[in-house]
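S.K.: Pasting in a structure now, in C-alpha cells, and then I'll have a few things to ask.
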C-alpha cells in the first residue's frame with residue numbers, strides 16, 4: 080500500500096479543470112490535498128470553495144498566489160497591498176494556512192533591480208502584521224533566475240531566507256520548488272538553513288524539461304521527464320525536518336492537452352518511485 | 080573624441096562573418112580588439128589567424144572557448160582534456176592570454192549535478208599546469224542558470240570563484256558576463272571579491288532580452304534593448320579594479336540577420352552611452 084497522504088495537486092497542473100473538477104479528480108484518484116489558484120477559487124467564491132474542499136474530505140496545502148510587490152508609484156503600491164490583503168483573507172477562509180507570494184519582476188522600463196528588491200521588502204513589512212492577525216503564513220517563493228525580470232526578482236533560497244529573516248517563521252516561510260532551485264550550488268546549505276530556521280513552508284515538485292519551452296513558463300515537466308535529481312533534493316528537504324504536503328505544480332501545454340485523470344495516475348506513479356522513498 | 084580603446088568584438092556577435100571579415104569590420108569601425116571563436120580561427124589556421132589579427136593592428140581579448148569537462152567515462156574525460164590542451168595552445172599562438180571555459184552541463188541521462196561539478200574541478204586540476212606552462216589564463220565563465228543542465232553547471236560568480244580558489248589568479252580567472260549574472264542577488268559582493276582575489280579576467284557585455292527567445296541561447300541583446308542596468312554593474316566591475324577589454328558578445332538571430340557594419344556602429348553608440356561612462 081503506497082502512502083499518498085502527503086501528495087497534493089496544485090490546480091495549475093490540471094489547468095483546464097474547474098475547482099470542482101480538481102476536487103473530483105483528487106477524490107477519484109486518492110490524492111488527499113489540493114493547492115488551488117485564486118482564479119479557480121474566485122469562480123465559485125471563497126466560502127463555497129472552502130466548503131466544497133472540506134466536504135470532499137480534502138486538505139488545502141496552500142493558496143496560489145499573492146505577491147507582485149515591485150510597483151514604484153503610490154497607486155501601484157497601494158493596489159499591491161490591497162490585493163495581497165484580499166489574498167490573505169481568501170487563504171484564511173479556505174483554511175489554507177499558507178499563501179504563496181511571487182514577488183514580481185522589474186516594472187516596465189525599470190532596470191533598477193536593487194531598488195525593486197527593496198520595495199519587495201517594504202511591502203512585505205506592511206503585509207506581515209495583517210497576515211499574522213489572520214493566521215496566514217506568507218510563503219516567499221524563489222523563482223528560477225530566468226524569470227527574474229518579468230516575474231520574481233527573488234531568485235534563490237538564500238535570498239528568500241534573508242528576506243524572511245526579520246519575521247517570525249510562523250508568519251513568513253519559504254517554498255522549495257525543485258524547478259526553480261535545482262541548479263543552485265548553495266541549495267543543500269540553504270535547505271539546511273531553512274530547516275534550522277523553521278522556514279520551509281512548502282515543498283513543490285516538478286521537473287525541469289529540456290529544451291526550454293518556447294514559452295519559458297511552460298517548461299515544467301512531470302517528475303522523471305527532465306534533469307532533476309528528486310532523490311537528492313527530497314532527501315535534503317526531509318533531513319531539514321519538513322513533514323508537510325508535497326505539492327505537484329506543472330505548467331506544460333502538452334500535459335494540459337491530455338486527459339486529467341491519466342495525468343494524475345502518472346503523477347502518483349512518479350511520486351511513488353522518485354519522491355516518496357526519499358521523503 | 081570617444082575612447083573606444085577598451086572595446087572588443089566577440090566574433091559570435093557577427094556570426095556570419097569569417098575571421099577576415101571580423102578583422103576588416105573592426106578596422107573599418109575603429110574597434111581595437113577582437114575575441115574570436117575557435118571555429119573561425121580554425122578556418123584560416125591558428126598561426127595565420129594570429130598574423131591577420133596582429134597585422135591589422137588589433138588585439139585579441141580572449142579565445143572562445145574550451146570547457147565541456149563533465150563527461151564521466153574515461154574516453155570522454157580524455158577527449159575533454161585533449162581538446163582543452165589544444166585550445167590552450169591555440170590561445171598561446173594567438174596571443175590571447177585568456178581562454179574561456181564553458182564547463183559543460185549534465186551528460187545525457189545523468190542527473191547527478193554534484194558529481195558532475197566534482198568532475199569539472201578534477202579536469203580543471205589536470206589542465207591548470209598545462210595552461211600555466213603556456214602562459215594562458217583559464218577563464219571560468221558562470222552561465223545563466225537556465226543553461227545549467229545542457230551547457231554549464233557553473234551558474235554563479237561565487238561558485239566560479241570557489242572553483243578557482245586553489246589556483247593562482249594569473250592561471251585561473253573568472254568572467255563577468257552581464258547576461259549571465261545580472262540577476263544574482265550576490266552579484267555586488269562577488270564582484271568585489273573577484274577584484275580582491277585578482278580573478279576578473281574578462282568583462283563581457285550584452286543585454287538580457289525579453290521575452291526569452293524560443294531558442295533560449297539567442298536571447299542576448301544589444302546593450303539598452305533589455306533589462307540590464309549597465310551603469311551599476313559596470314561601475315562595480317570598475318571599482319573592483321578591472322581595466323581590461325570590454326567584450327561585446329551577442330547571440331541573436333534577428334541581429335545576425337542584419338548588416339554587420341550597422342551593428343558595429345550601434346554597438347559603439349550603446350557602449351559609449353551605457354557602458355563607457357561607468358567603466
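Chains as they are written, first to last, in the working numbering: chain A, 80 to 358; chain B, 80 to 358.
From the three backbone atoms N, C-alpha and C, an ideal C-beta is built for every residue, glycine too.
Since we're looking at a predicted model, the values are computed, not measured.
So who's on the other strand from residue 207(A), going by DSSP bridges?
M.R.: Position 128 of the first chain, counted from the start, is the residue given in the question as residue 207(A). Residue 207(A) is not bridged to any residue.
S.K.: Suppose only complete runs of 3+ residues qualify. What are the beta strand (DSSP E) ranges in the region 80-156 of chain A, listed by chain order?
M.R.: As summarised for the region 80-156 of chain A, the continuous beta strand (DSSP E) elements at least 3 residues long and confined to that stretch are 86-89, 112-114 and 142-146, given in chain order.
S.K.: Please tell me whether residue 224(A) has its Cβ less than 8 Å away from any Cβ of chain B.
M.R.: On the first chain, position 145 is the one that residue 224(A) refers to. For residue 224(A), the answer is yes, since a Cβ of chain B falls inside 8 Å of its Cβ.
S.K.: In this structure, does DSSP put residue 190(B) in helix, strand or coil?
M.R.: On the second chain, residue 190(B) is found 111 positions in, with the first residue counted as 1. Here DSSP, grouped into helix, strand and coil, assigns residue 190(B) to coil.
S.K.: Along the chain, where does the beta strand (DSSP E) that runs through residue 179(A) open and close?
M.R.: As a first step, residue 179(A) is located in the first chain; it is residue number 100 there, counting from the start. 177-181 is the extent of the beta strand (DSSP E) around residue 179(A).
S.K.: What residues match up with residue 281(A) in a beta bridge as DSSP calls it?
M.R.: Mapped onto the first chain, residue 281(A) falls at position 202. Note: residue 281(A) sits in a beta bridge opposite 254(A).
S.K.: Would you mind telling me which residues of chain A sit closer than 9 Å to residue 358(B), beta carbon to beta carbon, in chain order?
M.R.: Along the second chain, read from residue 1 onward, the residue named residue 358(B) stands at position 279. Chain A residues near residue 358(B): none, gap ~17 Å exceeds 9 Å.
S.K.: Measuring only from the beta carbon, is residue 236(B) closer than 7 Å to any heavy atom that is part of the ligand MG?
M.R.: Only the bare structure without any ligand can be found here, which leaves the ligand MG out of the picture.
S.K.: Determine which residues of the region 283-296 of chain B have a Cβ less than 9 Å from any Cβ of chain A, and write them out in chain order.
M.R.: 287, 289, 290, 291, 292, 293, 294 and 295
S.K.: So, is the C-beta of residue 42(B) closer than 8 Å to a C-beta in chain A?
M.R.: As shown, chain B starts at 80 and ends at 358. That puts residue 42(B) outside it, with no answer to give.
S.K.: What residues in its chain sit with their C-beta under 7 Å from that of residue 234(B), if we drop five residues either side in the sequence?
M.R.: Against the second chain, residue 234(B) aligns to sequence position 155. Cβ neighbours of residue 234(B) beyond the five flanking positions: 221, 222, 224 and 227.
S.K.: Runs of 4 residues minimum, wholly inside the region 292-333 of chain A: which ones carry the alpha helix (DSSP H) assignment?
M.R.: Those alpha helix (DSSP H) runs which fall completely within the region 292-333 of chain A and span 4+ residues are 309-318.
S.K.: Provide the residue span of the alpha helix (DSSP H) that contains residue 271(B), from first to last.
M.R.: By one-based count along the second chain, residue 271(B) stands at place 192. Its alpha helix (DSSP H) spans residues 266-275.
S.K.: So what does DSSP say about residue 217(A), is it helix, strand or coil?
M.R.: Indexing the first chain from 1 puts residue 217(A) at position 138. In this structure, residue 217(A) counts as strand in the three-state DSSP scheme.
S.K.: Residue 231(B) bridges to which residues according to DSSP?
M.R.: As a working note, residue 231(B) is residue 152 in the second chain. BP columns for residue 231(B) point to 183(B).
S.K.: Using a Cβ-Cβ cut-off of 8 Å, state whether residue 203(B) counts as contacting chain A.
M.R.: Reading the second chain from its first residue, position 124 is the one you call residue 203(B). No, residue 203(B) does not count as interfacial toward chain A.
S.K.: Below 8 Å between beta carbons: does that hold for residue 329(B) and residue 261(B)?
M.R.: As a first step, residue 329(B) must be located in the second chain, where it is residue number 250. As a first step, residue 261(B) must be located in the second chain, where it is residue number 182. No.
S.K.: Going by alpha carbons, who is nearest to residue 274(A) out of 258(A), 259(A), 284(A) and 248(A)?
M.R.: Here the question's residue 274(A) lines up with position 195 in the first chain. Cα-wise, what sits closest to residue 274(A) is 248(A).
S.K.: Determine whether the Cβ of residue 238(A) lies closer than 8 Å to any Cβ atom of chain B.
M.R.: Here residue 238(A) corresponds to residue number 159 of the first chain, with the count starting at 1. Any Cβ of chain B closer than 8 Å to the Cβ of residue 238(A) would place that residue at the interface, and such an atom is present.
S.K.: Quick one: is residue 106(B) buried, meaning 16 or more other Cβ sit within 10 Å of its Cβ, or exposed?
M.R.: The sequence position of residue 106(B) within the second chain is 27, counting from 1. It counts as exposed.
S.K.: Compile a chain-ordered list of the residues in the region 176-194 of chain B whose CB is closer than 9 Å to at least one CB of chain A.
M.R.: 184, 185, 189, 190, 191, 192 and 193
S.K.: Quick one: Cα of residue 334(B) to Cα of residue 170(B), how far?
M.R.: Translated into the one-based positions of the second chain, residue 334(B) becomes position 255. Translated into the one-based positions of the second chain, residue 170(B) becomes position 91. In this structure, the CA atom of residue 334(B) is about 28 Å from the CA atom of residue 170(B).
S.K.: If we count Cβ pairs, one from each stretch, closer than 8 Å, do we get three or more for the region 153-162 of chain A versus the region 115-134 of chain A?
M.R.: no
S.K.: Using a C-beta to C-beta distance shorter than 9 Å, which residues of chain B count as neighbours of residue 243(A)?
M.R.: Position 164 of the first chain, counting from 1, holds the residue named residue 243(A). Within chain B, no residue comes near residue 243(A); the closest Cβ sits about 14 Å away, beyond 9 Å.
S.K.: Within 8 Å, do at least three Cβ pairs link the region 288-304 of chain B to the region 290-310 of chain A?
M.R.: yes
S.K.: With a CB to CB cut of under 7 Å and the five nearest residues on each side skipped, what residues in its chain are close to residue 289(A)?
M.R.: Locating residue 289(A) in the first chain gives position 210, where the first residue counts as 1. These residues qualify, in order along the chain: 305 and 306.
S.K.: Thinking just about the alpha-carbon of each residue, which of 199(A), 313(A), 159(A) and 173(A) is nearest to the one in residue 258(A)?
M.R.: Start at 1 with the first residue of the first chain, and residue 258(A) comes out as number 179. Comparing Cα positions, the closest option is 313(A).
S.K.: Name, please, each residue of chain A whose Cβ falls closer than 9 Å to the Cβ of residue 172(B).
M.R.: The residue labelled residue 172(B) in the question sits at position 93 within the second chain. Those within 9 Å of residue 172(B) in chain A number zero; the least Cβ separation is about 34 Å.
S.K.: Given a threshold of 16 other Cβ atoms within 10 Å of its Cβ, counted over all protein chains shown, does residue 35(A) qualify as buried or as exposed?
M.R.: No answer is possible for residue 35(A): the residues shown for chain A start at 80 and end at 358.
S.K.: Count the other C-beta atoms from every protein chain shown that fall within 10 angstroms of the C-beta of residue 84(A), then say buried if there are 16 or more, exposed otherwise.
M.R.: Translated into the one-based positions of the first chain, residue 84(A) becomes position 5. Here residue 84(A) is exposed, its C-beta having fewer than 16 other C-beta atoms within 10 Å.
S.K.: What does residue 141(B) reach in chain E if we use C-beta pairs closer than 8 Å?
M.R.: In the structure shown, chain E cannot be found, because the protein chains are A and B.
S.K.: Check distances from the C-beta atoms of the region 299-320 of chain A to those of chain B and list, in chain order, the residues that come in under 9 Å.
M.R.: 305, 306, 307, 308, 309, 310 and 311
S.K.: Who are the near neighbours of residue 271(A) in its chain, counting only those whose CB is closer than 7 Å to its CB and skipping five residues on each side?
M.R.: Here residue 271(A) refers to the residue found at position 192 when the first chain is read from its first residue. Counting only Cβ-Cβ distances below 7 Å, and skipping sequence neighbours, we find 319.
S.K.: Could you give the distance in angstroms between the alpha-carbon of residue 151(B) and the alpha-carbon of residue 219(B)?
M.R.: The sequence position of residue 151(B) within the second chain is 72, counting from 1. The sequence position of residue 219(B) within the second chain is 140, counting from 1. Taking the straight line from one Cα to the other gives about 20 Å.
S.K.: Taking all protein chains shown into account, do 16 or more other C-beta atoms lie within 10 angstroms of the C-beta of residue 97(A), making it buried, or fewer, making it exposed?
M.R.: In the first chain, counting from the first residue as 1, residue 97(A) sits at position 18. With fewer than 16 Cβ atoms within 10 Å of its Cβ, residue 97(A) is classed as exposed.
S.K.: For residue 237(B), tell me which candidate among 230(B), 255(B) and 250(B) has the shortest Cα-Cα distance.
M.R.: In the second chain, the residue the question calls residue 237(B) occupies position 158. Comparing Cα positions, the closest option is 255(B).
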